[in-house]
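Letter by letter, the sequence shown follows residues 1 to 248 of UniProt numbering.
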Amino acid sequence: MTYIVLLIVVLVTATVSGVFGMAGGLMLMGALTLAMPVAAAMVTHGAVQFVSNGWRAILHRKYIDWPIILFYGAGSAVAAALLAMVTYSPTKAWVYLLLGLVPGLAWIPKDRFNLDAAKPVHAVACGLSVTGLNVIAGVSGPLLDVFFVRTALTRHQIVATKAATQAFSHTVKMVFYGVPLFASAQATGLPPWWFFIVAAPLAMLGAYLGGLVLNRMSDVNFLKWTRWIVTGLGVIYLIQAAHLFASS
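This is the structure in structure tokens:
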């Protein structure tokens, strides 16, 4: 029954991601962390989000800014190389704390920064920092937004390009947590195989449905609602983190 509920969550969050990008991933990570061990949640989240973001990128491929993808990928590769040299095993309380703090990045005064993902050096820095945060916290959408807010891209270009960049970040996360998980002699805690088979088309369907909603939304409402939704989720996760730390 738990996995059936999680499949519904996958569809809902993929749809939300199709509209607001980072909000859906934030919702899904919180639900998975509640339902399974942290490492398993990270791998599952990475797999589902890889499909969701990958399919969204395919659906909106004509809007993708490919030079940004190239330089972002280079930064992501550097992050992967650095992460390969460390061991990191967060508790559920720590993950919820980070999930609660990450949305605060959405409120950074963007006019004080000159970050622009369209600039090659900034795109590399984006890939490096966003991929690193994605592995540490499970999500990194608000940080990714910091690099895109000053670009001249439309909402469709932003959603499409960000979706493509996240394919890199989620791949690194899956490898980082998946390799030691499968190398262990203990049970992985991952969902059964059929969960991933069903989750993949649901994530693709959600990406398609989200795109329909995005087409009817203005650029102004897109930015405004994204900020408030992730902030609300952040407050919920901070409360959960406080509860877990208090009971540990």
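We put the CB at the ideal spot given by N, CA and C, even for glycine.
**Q.** Burial state of Q186 (16 or more Cβ within 10 Å)
**A.** exposed
Q: Pick helix, strand or coil for F113, following the three-state DSSP scheme.
A: Reduced to three states, the DSSP call for F113 is coil.
Q) Taking K62 as the reference, which of A152, Q157 and A241 has the closest Cα? A) Q157
Q. When we look at the beta-carbon of T44 and count the other beta-carbons within 10 Å, is it buried (16 or more) or exposed?
A. Per the 10 Å Cβ criterion, buried.
**Q.** DSSP state of V121 mapped onto helix, strand, coil
**A.** Under the three-state reduction of DSSP output, V121 falls in the helix class.
Q.
Nearest by alpha-carbon distance to S169: which of A207, V78 and W225 is it?
A. V78
Q | Supposed contact pair L59 and A207 - C-beta distance, whole angstroms, cut 8 Å | A | 6 Å
Q.
So A80 and V172 are supposed to be a Cβ contact under 8 Å. How far apart are they, rounded?
A. That belief holds up - the Cβ atoms of A80 and V172 are roughly 5 Å apart, short of 8 Å.
Q) So what's Y88 in DSSP terms, helix, strand or just coil? A) If DSSP states are grouped into helix, strand and coil, Y88 belongs with coil.
Q) Cα separation between Y237 and K162? A) 24 Å
Q | Residue range of the unbroken alpha helix (DSSP H) whose run includes M36 | A | No alpha helix (DSSP H) contains M36, which DSSP labels as neither H nor E.
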